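Beneath this line is the structure, given in structure tokens, with notes to follow.
Number of protein chains: 4
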Amino acid sequence: MAPALVAKGCKVLDLSADYRFFDLETYQSWYGGDRADREIAATAAYGLPELYRDRIAEASLIGCAGCYPTASLLALSPLLKQGLILSETAIIDAKSGTSGGGRQAKTNLLLAEADNSLGPYGVGGRHRHTPEIEQVCSDLAGHEVRVQFTPHLIPMVRGILATVYATLRDPGLVREDLLTIYKAFYRSSPFVKMLPGGTYPQTKWACGTNLCYIGIEVDPRTDRVIVMSAIDNLVKGQAGQALQCLNLMMGWEETLGLPTMGFYP
Amino acid sequence: MAPALVAKGCKVLDLSADYRFFDLETYQSWYGGDRADREIAATAAYGLPELYRDRIAEASLIGCAGCYPTASLLALSPLLKQGLILSETAIIDAKSGTSGGGRQAKTNLLLAEADNSLGPYGVGGRHRHTPEIEQVCSDLAGHEVRVQFTPHLIPMVRGILATVYATLRDPGLVREDLLTIYKAFYRSSPFVKMLPGGTYPQTKWACGTNLCYIGIEVDPRTDRVIVMSAIDNLVKGQAGQALQCLNLMMGWEETLGLPTMGFYP
Amino acid sequence: MAPALVAKGCKVLDLSADYRFFDLETYQSWYGGDRADREIAATAAYGLPELYRDRIAEASLIGCAGCYPTASLLALSPLLKQGLILSETAIIDAKSGTSGGGRQAKTNLLLAEADNSLGPYGVGGRHRHTPEIEQVCSDLAGHEVRVQFTPHLIPMVRGILATVYATLRDPGLVREDLLTIYKAFYRSSPFVKMLPGGTYPQTKWACGTNLCYIGIEVDPRTDRVIVMSAIDNLVKGQAGQALQCLNLMMGWEETLGLPTMGFYP
Amino acid sequence: MAPALVAKGCKVLDLSADYRFFDLETYQSWYGGDRADREIAATAAYGLPELYRDRIAEASLIGCAGCYPTASLLALSPLLKQGLILSETAIIDAKSGTSGGGRQAKTNLLLAEADNSLGPYGVGGRHRHTPEIEQVCSDLAGHEVRVQFTPHLIPMVRGILATVYATLRDPGLVREDLLTIYKAFYRSSPFVKMLPGGTYPQTKWACGTNLCYIGIEVDPRTDRVIVMSAIDNLVKGQAGQALQCLNLMMGWEETLGLPTMGFYP
């Protein structure tokens with residue numbers, strides 16, 4: 231349907247994975263199926279405004295970013311773009327509320343099953359968001375990047391936290407250096423909120439908003455940086471981010487109509 | 231009080247951190263205070279039976295292992311003992327229910343604050359369980375080991391999941407090799423349950439039991455092993471494990487009086 | 231299947247509603263269908279041991295009591311049996327965890343839907359447990375009794391609380407009188423725990439046990455008694471109570487194999 | 231402080247119980263203390279706009295209604311005002327999320343204590359909201375009314391559900407009659423949403439809004455009406471309602487700045 235709409239001159243924001251991949255071979259190896267819309271797919275922009283703002287503004291078709299990739303990439307991008315880490319050391323340990331699994335009636339998502347429990351899934355690079363994350367990481371780094379991505383299901387309704395680990399290329403870097411670099415990187419990104427040193431994000435802070443809260447820590451004992459990002463998977467991780475893309479496509483204020491005040495408690 | 235009791239010939243199981251450290255300097259740098267009980271402290275065994283069964287059996291004083299160290303060390307030990315990983319790559323991303331924080335009335339642990347939210351704390355090696363984990367890792371590896379340990383607070387009552395990442399020394403190892411090694415390592419440990427390939431632990435499975443469920447995955451794309459362990463922080467992570475130690479000290483059956491049937495759902 | 235098993239001499243404990251009704255017309259008007267097993271149905275005992283201990287001991291077929299009826303009837307029975315209340319004033323406001331709805335994948339029982347929400351259903355005597363409660367109430371009172379029964383779905387896994395309201399026939403009765411009467415009524419019922427005056431039951435206290443905790447309050451301003459009962463819907467409200475019936479049928483100790491220690495916290 | 235502010239010409243909205251009572255003797259018998267501000271207290275309006283809109287508009291001092299009284303009175307008022315029930319039969323079984331208890335660190339409100347449990351408190355007319363509810367009921371009915379009010383603590387963050395029971399004076403009344411009466415009663419009340427017959431409120435529907443959802447059922451077998459109301463205790467039950475009062479005091483649109491779109495899921 232997206233191709234027909236684009237052909238008619240509509241601007242299309244696709245929330246599925248159909249137009250997220252730069253390379254349709256990757257898409258097919260993970261999602262299967264044959265694609266008759268290769269030409270139009272090639273015109274799609276990846277719908278993560280903080281990284282592809284200009285391309286989104288000019289595109290007619292957006293493959294809106296997945297929820298896990300949104301949280302993961304916002305945490306990891308400045309490090310890769312600036313070449314600050316040994317990219318092969320990047321590990322993303324992600325945690326999501328159960329609404330990330332959609333509203334289908336699945337036994338494992340029943341309150342009586344999922345409440346008061348916690349577990350990983352798609353371990354070892356088997357989750358479909360892995361190639362989506364890696365293609366953007368590779369694009370930013372300028373060379374192919376493999377990340378270790380492990381999602382976990384958490385007994386709560388909304389929210390994603392990504393805890394990202396990587397080894398610093400330059401062991402002399404301290405937390406404040408990285409905070410400065412991140413703030414510069416997201417200077418023009420109104421929805422990314424960098425937390426002060428020593429403060430780490432709680433998913434509830436982002437609840438109901440289009441914000442992404444990011445905290446940074448450096449462990450001088452291990453030369454590792456730990457970046458933590460929190461989003462609301464149903465807003466910044468889904469519908470809100472689509473609206474943010476729409477604002478860019480229409481030349482409107484990027485923040486138009488998008489909430490920034492958390493629903494608390 | 232422990233010294234006086236030991237002097238009187240009592241067997242003492244201490245649930246605090248007082249007797250967990252092989253080296254009291256480490257204790258003091260994390261917990262402060264002066265120690266007048268150095269002599270007796272030197273006789274204490276570290277209360278993690280799967281690793282120190284013989285020493286526990288002979289000791290009069292046990293420094294019972296912390297909840298996070300229990301989950302983390304049971305996941306990590308076989309890899310370190312057998313030299314299967316590059317030890318400096320070990321990362322422990324741990325998640326705990328709020329009962330791990332004790333029963334004190336703290337605002338951040340109120341249901342209205344902690345429910346439907348998730349966040350890290352003690353990031354960058356700042357949590358007191360870091361040195362406890364590292365001393366045992368070093369003991370097993372035979373050289374000093376630094377791990378990256380990050381705890382997270384999860385909106386549930388009980389349970390800890392540790393997701394452990396490390397790079398394999400020999401990239402040729404596959405999941406089944408590691409499962410075989412783990413099963414051998416825990417051959418005489420009735421409370422460790424190795425999960426079949428492709429199955430990952432949920433904390434609820436261990437709820438109410440003294441068990442530790444362990445799942446293993448290998449990612450051949452990254453040469454990394456991911457080990458996931460789940461325990462009930464109030465049983466295997468605390469009182470249950472103390473009883474397990476007591477059984478060993480008294481020469482009783484190790485499993486005596488300890489539950490292995492999960493409370494589900 | 232139950233008839234065939236009984237015919238073969240088996241003792242049958244049926245957890246469905248099939249054999250709960252003294253009068254099959256009532257069954258059919260609520261559950262529909264035709265019944266070819268009227269003769270055998272007439273021999274069934276209602277599986278609520280505290281009220282029908284002797285009949286259960288002699289029966290070969292038990293229609294095990296529903297979860298809501300168990301909590302409701304244990305709270306209400308002494309009042310009706312002793313004629314202490316105006317029976318037409320009896321109101322049961324019941325609250326249940328979502329496991330009461332079974333393990334089927336229903337959208338409204340998903341964690342993302344049911345968590346952090348609460349609501350009534352089957353209001354106005356429309357829930358199938360209403361006739362089950364009323365037949366026993368009528369049996370105890372010796373005349374037809376109508377009760378107001380309203381179930382509510384609560385965002386938790388296990389537990390039922392029934393808050394029962396009724397107007398006292400004799401306004402001179404005080405809380406202690408009623409406590410004395412209840413204790414006498416349940417003198418031989420090891421699973422009913424009467425709470426001291428001023429203490430009210432929490433469902434968690436019964437969690438994992440076959441117990442029913444009962445608290446009583448009298449409001450002298452309104453001449454009303456309020457009785458509150460808490461059970462674990464999956465134990466006393468289901469499988470545990472079936473075992474309790476089995477113990478009686480076999481002439482075993484009534485408490486055999488049944489837990490009385492709560493799972494806390 | 232309120233008296234000083236009023237004296238200076240400020241409009242004061244007091245969220246405590248200080249100015250909720252028409253009769254200070256009632257206040258003192260429940261809250262204790264001596265009151266030096268009797269004169270100013272006598273000028274206060276009770277801050278429940280749906281019932282005291284005109285008085286609020288003219289007042290300088292508002293004693294904002296409590297959370298339980300708001301839910302209870304909106305459910306019960308039309309019945310009492312129109313004399314449709316036997317007032318002495320009114321029972322309010324109320325259920326509240328734990329944020330209703332405030333943000334103080336109390337052990338019983340810890341997630342590890344309160345989650346997965348449910349219980350009553352203040353049973354038998356002992357909760358401080360009882361006299362507050364009764365004074366308004368009496369005011370509406372034109373004679374002294376006693377209600378049975380029982381609050382329950384529910385394992386969720388926000389929301390109150392009041393399930394109200396009363397015997398109809400005229401047994402011929404059906405659900406649709408009552409729906410018509412309620413709609414007329416709340417004709418000018420933009421925040422009260424009457425649900426269609428057969429639909430009952432879920433607290434989540436009101437979450438984040440200043441709305442009160444009301445559902446009605448009649449049980450012809452018992453001549454009883456059951457009214458169910460759901461609010462967000464932190465909005466309509468607290469700060470939102472204060473703003474609604476402020477709008478009336480200032481002559482602004484009553485709905486100004488107040489959310490009506492629920493936070494879901």
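These protein sequences, in sequence, are chains B, L, F and D. Sequential numbering from 231 applies to the first sequence in our numbering. Sequential numbering from 231 applies to the second sequence in our numbering. Sequential numbering from 231 applies to the third sequence in our numbering. Sequential numbering from 231 applies to the fourth sequence in our numbering. Built from N, CA and C at the ideal position, the CB exists for glycine as well. Here the structure is a predicted model, which means the values were calculated and not measured.
Tell me which residues share the same chain as residue i and place their Cβ nearer than 7 Å to its Cβ, disregarding the 5 neighbours each side in the sequence.
i: B:Phe493; result: Cys437, Gly438
i: D:Ser419; result: Glu280
i: F:Tyr395; result: Ile321, Arg454, Ile456
i: L:Val236; result: Val242, Ile270, Ser290, Leu291
Check whether the Cβ of residue i lies closer than 8 Å to any Cβ atom in chain D.
i: F:Tyr395; result: yes
i: B:Pro489; result: no
i: L:Arg333; result: yes
i: F:Gln378; result: yes
i: F:Gly492; result: no
i: F:Leu310; result: no
i: F:Pro233; result: no
i: F:Lys325; result: yes
i: F:Ile270; result: no
For residue i, which residues from the same chain have a beta carbon less than 6 Å from its beta carbon, with the 5 sequence-adjacent residues on both sides left out?
i: F:Asp267; result: Pro233
i: D:Asp244; result: Ala232, Gly293
i: D:Ser259; result: none
i: B:Tyr302; result: Note on identity: in this sequence residue 302 of chain B is Ser, with Tyr being the wrong assignment. For B:Ser302, where only same-chain residues beyond five positions count, the Cβ hits under 6 Å are Ile322, Ile363, Ala392.
i: F:Gly355; result: none
State yes or no: is the beta carbon of residue i nearer than 8 Å to at least one beta carbon in chain F?
i: L:Val387; result: yes
i: B:Leu478; result: no
i: D:Leu391; result: yes
i: D:Pro495; result: yes
i: D:Ile321; result: yes
Sorted by chain position, which residues of the same chain lie with C-beta nearer than 8 Å to residue i's C-beta, five sequence neighbours on each side aside?
i: F:Gln489; result: Correcting the residue type first, residue 489 of chain F is Pro in the shown sequence and not Gln. For F:Pro489, where only same-chain residues beyond five positions count, the Cβ hits under 8 Å are Gly438, Thr439, Asn440, Val465, Gly470.
i: D:Asp515; result: Chain D is shown only over 231 to 495; residue 515 of chain D falls outside these bounds and no answer can be derived.
i: F:Gln468; result: Leu245, Cys294, Cys297
Determine, using beta carbons only, whether residue i comes closer than 8 Å to chain L.
i: F:Asn338; result: no
i: D:Thr328; result: yes
i: D:Leu341; result: yes
i: B:Thr485; result: no
Assuming the contact rule is C-beta atoms closer than 8 Å, residue i and residue j should be a hit. Round their C-beta distance to whole Å, please.
i: B:Val353; j: B:Ser290; result: Not really, about 38 Å apart at Cβ, beyond 8 Å.
i: D:Ser459; j: D:Leu383; result: The Cβ separation is near 18 Å, so there is no contact.
i: F:Thr256; j: F:Pro385; result: Wrong, their Cβ atoms sit about 33 Å apart, outside the cutoff.
i: L:Asp345; j: D:Leu341; result: 6 Å
i: L:Leu278; j: L:Val422; result: Not quite, the Cβ-Cβ distance comes to about 11 Å (not below 8 Å), so this is no contact.
Does chain B have any CB closer than 8 Å to the CB of residue i?
i: L:Asn346; result: yes
i: L:Pro299; result: no
i: L:Ile315; result: no
i: L:Gly349; result: yes
i: L:Ile286; result: no
So does residue i have its beta carbon nearer than 7 Å to some heavy atom of the ligand ZN?
i: D:Asn338; result: The ligand content of the structure shown is nil, which means the ligand ZN is not present either.
> Which residue spans inside the stretch 351-405 of chain D form an unbroken beta strand (DSSP E) run of at least 3?
Replying inline: 378-383, 390-397
> Using Cβ-Cβ distances below 7 Å, what residues of the stretch 351-368 of chain F are close to chain D?
Replying inline: Tyr351, Val353, Gly354, Gly355
> Listed in chain order, which residues of the stretch 399-422 of chain F have Cβ atoms closer than 7 Å to some Cβ of chain D?
Replying inline: none
> Which full runs of the beta strand (DSSP E) of 3+ residues lie inside the stretch 255-323 of chain L, going along the chain?
Replying inline: For the stretch 255-323 of chain L, whole beta strand (DSSP E) runs of length 3 or above, ordered along the chain, are 275-277, 291-294.
> Which residues, in chain order, does the stretch 443-475 of chain F contribute to contact with chain D at a C-beta distance below 7 Å?
Replying inline: Glu447, Val448, Asp449, Arg451, Thr452, Arg454, Ile456, Met458
> When Cβ atoms are compared, which residues of the stretch 425-440 of chain D fall closer than 7 Å to chain F?
Replying inline: Under the 7 Å Cβ criterion, the stretch 425-440 of chain D contributes Tyr430, Pro431, Gln432, Thr433, Lys434.
>> If we require 3 or more residues per run, which beta strand (DSSP E) segments fall completely within the stretch 398-485 of chain L?
In response: 422-424, 442-449, 454-461
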